[in-house]
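Note that the working numbering gives residue 332 to position 125 of the sequence shown, counting from 1, and the numbers run on in steps of one. Ideal Cβ positions, reconstructed from N, Cα and C, are used throughout, including at glycine. Right, one structure below, let's go through it.
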Amino acid sequence: EKEELAPPSAPAPAPDAGKTALAVSGLTGPGFANVGFDLKHGEILGFGGLHGQGQSAALRALFGANPYVSGTVSLAGHPVRIATPAEAIRQGFAYVSGDRRRDGVITGRSILENVTPIHFLRRRLALVRPGALRKAAEPAISAMKTRFAGFSHPIDSLSGGNQQKVVIARWLIDRPDILLLDDPTKGIDLSAKADLFALIRELAAQGMAIILHSSEDAELLANADRILVFNGGRPVRELTGEDRTRYNLYQAAYEAACGAA
């Protein structure tokens, strides 16, 4: 049995806590349908259910990496249409995947090159000044408690957990408004997971709006304020408050699956 993470403590509310950061209605595309929710500043919204039920596809659509054919997306009450990841980044989105080889590390390159590409894009930097980049990256790398010998070392020299910390740190140099986490702890050790979730809760306490998809129910139950249970590409139930239990999460996922069979 895998060790479960401790439930989050209750932080002081952020100044903008309770205000809607992201509103999604009827979002439909390849692999997902009729996805809708409101996400508030300071909230961690969980995407649960059996593996491969549209959670990742919906997150990638919000980030502009997958298309959607209908539905509305609003940021702070203003409708937006995001067609590319670059556009999503400019709108304040960040996306972290558990698939580091596909969506994360740039193999064969240095740690500095891996931690700063989003900073480069957001600031539209034309010149590379390694000293300035290191100075910008250090607070984010430190916040993730990343263990590494130096910024010039190759990313491949790090453990899987520390590679993922670098991938997450790249989004924190210039703070996003909305953090999309797509099974971010896949394949990393318990210590790295604990560091990651401690930081996620701290970011939420500071007012960041966060969506967490995890294939491990214990991670959702320990960290998400609400959980949308997916089946067949769409949310079929929402679990809040004391209803956020392992039994209810299993029942919602399997009851929907059996009903659809």
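Of the residues 369, 262 and 387, the one whose Cα lies closest to the Cα of residue 300 is 387. DSSP lists 417 as the beta-bridge partner residues of residue 251. Using a 10 angstroms sphere on the CB of residue 313, the tally of other CB atoms stays under 16, which defines it as exposed.
The Cβ-Cβ distance between residue 322 and residue 382 does not fall below 7 Å. Apart from the 5 residues on each side of it in sequence, residue 298 sits with its Cβ closer than 7 Å to the Cβ of 282, 287 and 289 in its chain, given in chain order.
Under the 8 Å Cβ criterion, the stretch 446–458 does not count as touching the stretch 270–284, having fewer than three qualifying pairs.
Residue pairing by DSSP places residue 434 opposite 253 and 446 in a beta bridge. Residue pairing by DSSP puts residue 441 in a beta bridge opposite 438. Selection 453, 443 and 416 evaluated against residue 230 yields 416 as nearest (Cα-Cα). Residues 238, 239, 240 and 261 of the same chain have their beta carbon placed closer than 6 Å to that of residue 440, with the five preceding and five following residues left out of the count. As computed with DSSP, residue 302 is found in a beta bridge with 387. The Cβ-Cβ distance between residue 255 and residue 436 falls below 7 Å. 7 Å or more divides the Cβ of residue 293 from the Cβ of residue 270. Taken through DSSP and simplified to helix, strand or coil, residue 278 comes out as strand. Of the other Cβ atoms in all chains shown, 16 or more fall within 10 Å of the Cβ of residue 399; this residue is therefore buried.
In this chain, the alpha helix (DSSP H) harbouring residue 265 covers 262–269. Counting only residues of its own chain and dropping the five nearest sequence neighbours on each side, residue 353 has a CB closer than 7 Å to the CB of 369, 372, 373 and 376. Judged by DSSP secondary structure, residue 232 falls within the beta strand (DSSP E) whose first and last residues are 227–236. Counting along the chain, no beta strand (DSSP E) covers residue 292; the unbroken alpha helix (DSSP H) around it starts and ends at 292–297. A straight-line Cα-Cα distance of about 7 Å links residue 438 and residue 257.
DSSP places residue 374 inside the alpha helix (DSSP H), whose first and last residues are 367–379.
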